[in-house]
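Engineer:
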Amino acid sequence: MTTEPILESGISFGPYPSGHCFYIEKSKTYLAIQDGVKIAEFLILTLNNRPRIWIIEAKSSSPRPETVPSFDEFLQEIADKLSNSLNLYVAVYLKRHPSTCSELPIPFQLLDLDQIEFRLILIIKNHQVSWLPPLQDELKKKLKVTLKIWDLAPTSVLVLNEDLAKESQILAFDNK
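Its first residue numbered 0, the sequence shown is counted upward by one per residue in numbering that gives the first Met the number 0.
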């Protein structure tokens, strides 16, 4: 969908190979149903070893764990966005909405759903590495039902800062 870089929450993503990014937040399907539906930014398809879809949510900051209830609300919103994005991708893949026939990039359409690994990823700009594990643990708890329903491993949930995302080739990658 985009070979141009995407700027979200002050983080530059991509560019990605043509057809390997589905900008779900700007999709016709999401725009038609967005009232009351929270969604992540975009999905990235990687084809190394096994097909993998990274569902990406980016934030410029996060509340500290001590700031209850804002910390809990922040994580619930992220969990909702990631889970809804997984569900909406599958709905688009299955052509459950009239606008979806042509908007899903061809590489995403050609996937066998039973072969895809999904990664639910929150990237927080300039976040200290030591702050990431507690966020990741709490986000996994919020996504427990989604992980069970989709039979995803707990390692499918990642919370990274911009530097770790760059090291993991999430910000840009070579899809060979």
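Beta carbons are placed, not taken as given, at the ideal position from N, Cα and C, and that holds for glycine.
1. Report buried or exposed for residue 148, applying the criterion of at least 16 other Cβ atoms within 10 angstroms of its Cβ.
2. If the criterion is Cβ atoms closer than 7 Å, does the pair residue 64 and residue 133 meet it?
3. Out of 76, 115, 167 and 24, point me to the one whose CA is closest to residue 48's CA.
4. So, residue 183 versus residue 122, is the Cβ gap smaller than 7 Å?
5. Is residue 69 helix, strand or coil by DSSP?
6. If you run the structure through DSSP and keep just helix, strand and coil, what is residue 120?
7. Please report the straight-line C-alpha distance between residue 88 and residue 35, rounded to a whole angstrom.
Structural biologist: Taking the definition as stated:
1. exposed
2. yes
3. 115
4. Coverage of the chain is limited to positions 0 through 175, which leaves residue 183 absent and any answer about it impossible.
5. helix
6. strand
7. 17 Å
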